[in-house]
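According to this note's numbering, the sequence shown is numbered sequentially starting from -6. Accompanying notes for the structure given below.
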Amino acid sequence: MTWSATQYVQFEDERTRPVRDLVGAIPTQQAKRVVDIGCGPGNSTEVLAARYPDAEATGLDSDQDMVTAARKRLADIRFDIADVATWSDPGPYDVILANAVFQWVPDHATLFPSLIKKLAPGGSLAVQMPDNLNEPPHLLMRDTAMNGRWSPKLTAAAEARTPLASERWYYELLKPHCTRVDIWRTIYQHPLKGGAAAVVEWFKGSGLRPFLAPLDEAEKADYLRQYEAAIAKVLPALPDGTVLLPFPRVFIVATR
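Pasting the structure below:
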């Protein structure tokens, strides 16, 4: 599955707000090395580098388009193409940031402790994950996928992400490896101008990608029309055309 940096940054302010909240909660005060894994187009890396201006900052992402955009945005920072699930750099890092990436990566029971091992003493793993698979936009993605001529192509799309474990599960997983674990859940209300069409544009940069990738152009257009009509029913626009998009996110800051 490929990504589009241009599509993703259409809503850059809204997508960057959670990473600002996350980075602001990291207790690590001094850092020599920091890394943004799953850096996307570099908006999260920019926040991380601003928090630790004296640190050596790097970023990595598995998608070439995202890495190209990040390199253009932040020419002084090294960005590499790498898969987070198989990233082998031993560290040590003072901060490992993972903003809106681990919802796509399986086996958190193995992944999270392995990342803690890459931290220097006193270093922090800072994670933000969308927790919205049971929200109307995602429910309607799956419903639309199963109710159209495209359904045979989209059987696997609904399995691209699995629901997150509970906050207690993550706490119990991380606490034996850490001196401090901070977990919280926030529901953002993102105001999007343009009604249901704006909601569709938002998710074309993220959750809709597994559903659109297998389709031809005609199928994509029909799928999106059906999906947008369904969104309009459950997220009606305000009189000025704005839609409030509820977006739950889980935050974890685990300090070694």
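The C-beta atom is built at its ideal place from N, Cα and C for all residues, glycine as well.
In angstroms with no decimal places, state the Cα-to-Cα distance between Val236 and Ala225.
-> Taking the first residue of the sequence shown as 1, we reach residue 236 at position 243. Taking the first residue of the sequence shown as 1, we reach residue 225 at position 232. Using only the alpha carbons, I get a separation of about 9 Å.
Element boundaries [beta strand (DSSP E), containing Ile30] = Locating residue 30 in the sequence shown gives position 37, where the first residue counts as 1. From DSSP, the beta strand (DSSP E) with Ile30 extends over 26 to 30.
In the segment 77 to 149, which residue ranges form an unbroken beta strand (DSSP E) of at least 3 residues, counting only runs that do not cross its ends?
-> 86 to 92, 112 to 123
C-beta atoms of Gln96 and Pro123 nearer than 7 Å | Within the sequence shown, the letter at position 103 stands for residue 96. Within the sequence shown, the letter at position 130 stands for residue 123. Cβ atoms of Gln96 and Pro123: closer than 7 Å.
Compare the C-alpha of Thr21 against each of Tyr45, Pro34, Arg8 and name the closest.
-> By 1-based counting over the sequence shown, the position of residue 21 is 28. The residue with the shortest Cα to Cα distance from Thr21 is Tyr45.
Would you mind reading off the limits of the beta strand (DSSP E) that contains Arg154?
-> The sequence position of residue 154 within the sequence shown is 161, counting from 1. That residue, Arg154, is in no beta strand (DSSP E); it is neither H nor E in DSSP.
For the beta strand (DSSP E) containing Tyr216, list its first residue and its last residue.
-> Numbered from 1 along the sequence shown, position 223 holds the residue referred to as residue 216. Per DSSP, Tyr216 belongs to no beta strand (DSSP E); it is in the alpha helix (DSSP H), 210 to 227.
Taking 7 Å as the cut-off, decide whether the C-beta atoms of Thr156 and Leu126 are in contact.
-> Counting from one through the sequence shown, the residue named residue 156 turns up at place 163. Counting from one through the sequence shown, the residue named residue 126 turns up at place 133. The sequence as given places Pro at residue 156; Thr does not occur at that position. In contact: Pro156 and Leu126 (Cβ atoms closer than 7 Å).
Would DSSP call Arg249 helix, strand or coil?
-> In the sequence shown, the residue the question calls residue 249 occupies position 256. Three-state result, Arg249: coil.
Excluding the 5 residues preceding and the 5 following Glu49 in the sequence, name in chain order all residues of the same chain whose CB lies nearer than 8 Å to its CB.
-> Translated into the one-based positions of the sequence shown, residue 49 becomes position 56. Closer than 8 Å at the Cβ level, and outside the excluded window around Glu49, lie Lys25, Arg26, Val27.
Just the Cα atoms here: how many angstroms apart are Arg13 and Asp54?
-> For this step, residue 13 is matched to residue 20 along the sequence shown. For this step, residue 54 is matched to residue 61 along the sequence shown. Approximately 19 Å between the Cα atoms of the pair.
Cβ neighbours of Gly35 in the same chain (closer than 6 Å, five flanking residues each side left out) = Working through the sequence shown from its first residue, we reach residue 35 at position 42. Result list for Gly35: Ala63, Arg66, Leu67, in chain order.
Rank Gly17, Asp100, Trp143 by C-alpha distance to the C-alpha of Ala43 and give the top, closest one.
-> On the sequence shown, residue 43 is found 50 positions in, with the first residue counted as 1. Considering only alpha carbons, the answer is Gly17.
Below 7 Å between beta carbons: does that hold for Gly333 and Tyr164?
-> Residue 333 lies beyond the stretch modelled for the chain, which goes from -6 to 249, so this question has no answer here.
Pull up the CB-CB distance for Pro239 and Glu128, whole angstroms please, since I reckon it's below 8 Å.
-> Locating residue 239 in the sequence shown gives position 246, where the first residue counts as 1. Locating residue 128 in the sequence shown gives position 135, where the first residue counts as 1. Indeed they touch by this definition, with Cβ atoms about 6 Å apart.
From the DSSP output, in three-state form, read off Tyr45 for me.
-> Residue 45 sits at position 52 when you count from the first residue of the sequence shown. Coil.
Nonlocal neighbours in the same chain, by C-beta distance under 7 Å from Lys186, ignoring five residues either side = Position 193 of the sequence shown holds residue 186. Cβ within range, chain order: Gly234, Thr235.
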